[in-house]
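Read top to bottom, the protein sequences are chains A and B. Note that my numbering has the first sequence beginning at 1, numbered continuously upward. Note that my numbering has the second sequence beginning at 1001, numbered continuously upward. Reviewing the structure listed below.
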Amino acid sequence: GAGVSQSPRYKVAKRGQDVALRCDPISGHVSLFWYQQALGQGPEFLTYFQNEAQLDKSGLPSDRFFAERPEGSVSTLKIQRTQQEDSAVYLCASSLDPISYEQYFGPGTRLTVT
Amino acid sequence: DQQVKQNSPSLSVQEGRISILNCDYTNSMFDYFLWYKKYPAEGPTFLISISSIKDKNEDGRFTVFLNKSAKHLSLHIVPSQPGDSAVYFCAASATSTGANNLFFGTGTRLTVIP
Chain A
1 GAGVSQSPRY KVAKRGQDVA LRCDPISGHV SLFWYQQALG QGPEFLTYFQ NEAQLDKSGL
61 PSDRFFAERP EGSVSTLKIQ RTQQEDSAVY LCASSLDPIS YEQYFGPGTR LTVT
Chain B
1001 DQQVKQNSPS LSVQEGRISI LNCDYTNSMF DYFLWYKKYP AEGPTFLISI SSIKDKNEDG
1061 RFTVFLNKSA KHLSLHIVPS QPGDSAVYFC AASATSTGAN NLFFGTGTRL TVIP
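Following this line, the structure appears as structure tokens:
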């Protein structure tokens, strides 16, 4: 069965460039999360969608970070004017519904800003 | 401020013996706890969870223990197998607040020696 997929798997951006990271959740999963994992750290919450509604964006580190899920399935995390501190693995996770606390993670996108 | 802490960055255990991974938390609102396992270049994979209304949950070789008064949980793997070698993340959620994002520890790298 198809799990959560993310693309690209690796992205190198020059400082100041904009990037877009894609997440395809498990089909039928209502909830979708984005996390940022810095080297040697655990994942840190960025934002949460329930269907197409972004219900929590409290973890987004700055207004350069923007996420959307317009049709309630695929989601895109966009980072504008990338900075070196944005270098991390960006993980997407989905869960079946809002009361399912087990989240299923994709393989992540490793972003390196040079 | 790290609300979920895994103070042992690494653990080595002989095959067939017990592995015990520990996790502490500071937020008394956390009421659901999960363990994830992560292999290199993959996303975290859900392993086992426990609600705060329980003090133990068992699934095959994996058992999670929760001590609410000490704000401590542990994952026991018996018997340990070489395929268990991975990074293990403890995660917590404050579901009673309506939030369902996860707070992660920094991980413990388990090495099971054949």
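A virtual CB, placed ideally from N, CA and C, is assigned to each residue, including glycine.
Handout entry: Residues, ordered as in the chain, of the region 1016-1043 of chain B that lie near chain A by beta-carbon distance below 9 Å
Key = Y1032, L1034, Y1036, K1038, A1041, E1042 and G1043
Practice task
Could you pull the start and end residues of the beta strand (DSSP E) that N1022 of chain B belongs to?
Solution key: S1019 to Y1025
Practice task
Using a threshold of 8 Å, state whether the C-beta atoms of S31 of chain A and Q17 of chain A are closer than that.
Solution key: no
Problem - Runs of alpha helix (DSSP H) wholly within the region 1027-1054 of chain B (minimum 4 residues, chain order) - result: none
Practice task
Evaluate the contact criterion for the region 1047-1064 of chain B versus the region 1024-1033 of chain B: three or more CB pairs, one atom per stretch, below 8 Å.
Solution key: yes
Exercise for the section: Give a yes or no on whether the C-beta atoms belonging to Q1003 of chain B and F1103 of chain B are separated by under 8 Å. Expected result: yes
Problem - Contact check, I79 of chain A vs R69 of chain A, beta carbons under 8 Å - result: no
Practice task
Report all residues from its chain with a CB closer than 7 Å to the CB of P98 of chain A; omit the five preceding and five following residues, and keep chain order.
Solution key: V30, S31 and Q50
Problem - A20 of chain A versus G1105 of chain B: straight-line alpha-carbon distance, rounded - result: 27 Å
Practice task
For G1060 of chain B, decide whether its Cβ has a neighbour in chain A, counting only Cβ atoms nearer than 8 Å.
Solution key: no
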